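Report on the structure given below.
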Amino acid sequence: MSVSSNKLALNCGFINLNHARADSNLIENDALEKNLDLVCLNEPYYCQGSICGCPRGYWQIAVDGEPRVAVFIRDTIKFATLEKERDVIALMLNWNNIEYLIINIYCPPSANIESSIARLESICIRFLDKRVIIFGDFNAKSSAWSPRSTDERGRLVLEFVNKLDLFIENSCDSIATYSCEKGESWIDLVISKNIDRTMVNNWQVHNQITASDHID
Numbered sequence: 780m781s782v783s784s785n786k787l788a789l790n791c792g793f794i795n796l797n798h799a800r801a802d803s804n805l806i807e808n809d810a811l812e813k814n815l816d817l818v819c820l821n822e823p824y825y826c827q828g829s830i831c832g833c834p835r836g837y838w839q840i841a842v843d844g845e846p847r848v849a850v851f852i853r854d855t856i857k858f859a860t861l862e863k864e865r866d867v868i869a870l871m872l873n874w875n876n877i878e879y880l881i882i883n884i885y886c887p888p889s890a891n892i893e894s895s896i897a898r899l900e901s902i903c904i905r906f907l908d909k910r911v912i913i914f915g916d917f918n919a920k921s922s923a924w925s926p927r928s929t930d931e932r933g934r935l936v937l938e939f940v941n942k943l944d945l946f947i948e949n950s951c952d953s954i955a956t957y958s959c960e961k962g963e964s965w966i967d968l969v970i971s972k973n974i975d976r977t978m979v980n981n982w983q984v985h986n987q988i989t990a991s992d993h994i995d
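Numbering (the working numbering), first residue to last: 780 to 995.
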């Protein structure tokens, strides 16, 4: 999924690669074709100490080992890494003299989402005066961002969103962000705070075919 924008705003992309090597090889072309300034990855393909698919001219941010989140960011953008863990990365970047808190998080379906939300809140609470953009596969369902009914994980995500007065960028009528033989779901979210609505342009889920079961 991506949020394209005018030159005053960031051009961002987000996808869960589900560790698909073939999909990783498409990231470089996708970033360049869509002119992305920032690419957030969940479940990237990690090989020989590096995340596959990082385009030339971008920094790669991820922990060593088996990261479940990674970020590619243009090397012309000034930023500081605030947190870098297996399941969460937080950056403070400067774009047109405005600071943005960028968070990329993965919430495994088999894990307790409460701990992931608590970690996310502990980061956000420190920067509530900044422009905040959160990218994540929450593995949570809700009628607030999809045609599906709200499950317990979705309820907890909504509690977090309401508590910090955040905004869910996802559209309820978008195509699914996850699709496989067993069905489809809307579990990949973009959440923001202090972002002027006029600065968000052309939020969309792309329907291009990928090797991953998530759609970018």
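Ideal Cβ positions, reconstructed from N, Cα and C, are used throughout, including at glycine. The structure presented is a predicted model; accordingly, all values stated were derived computationally and were not measured.
Rounded to whole angstroms, S971 and G828 show a C-alpha spacing of 32 Å. Residue pairing for Y825: DSSP places it in a beta bridge opposite I830. For S901, the enclosing alpha helix (DSSP H) stretches over residues I892 to C903. The DSSP assignment places 817 to 821, 837 to 840, 848 to 853, 857 to 863 and 867 to 874 as complete runs of the beta strand (DSSP E) inside the stretch 804 to 880, in order along the chain (cut-off: 3 residues).
Using a 10 angstroms sphere on the CB of G933, the tally of other CB atoms reaches 16 or more, which defines it as buried.
In this structure, L937 sits away from G915, with a CB-CB distance that is not shorter than 9 Å. Cβ-Cβ separation between L870 and L861: approximately 6 Å, consistent with a contact (criterion under 8 Å).
N973 sits in coil when the DSSP states are folded into three classes, being neither helix nor strand.
Shown here for I877: same chain residues with a beta carbon closer than 8 Å to its own, the five before and five after excluded, namely R910 in chain order. Comparing alpha carbon positions, the residue from R853, I882, Y885 and V842 closest to L815 is R853.
The shortest C-alpha to C-alpha distance from S925 to any of I904, E948, D809 and F858 is the one to E948.
Burial is judged here by how many other beta carbons sit within 10 angstroms of a residue's own beta carbon; A810 has at least 16 and is buried.
9 Å or more divides the Cβ of N941 from the Cβ of Y885.
Annotation: R934 is outside any beta strand (DSSP E); the continuous alpha helix (DSSP H) that includes it extends over E931 to K942. The Cβ neighbour count for I904, taken over all protein chains shown within 10 Å, is under 16; the residue is labelled exposed.
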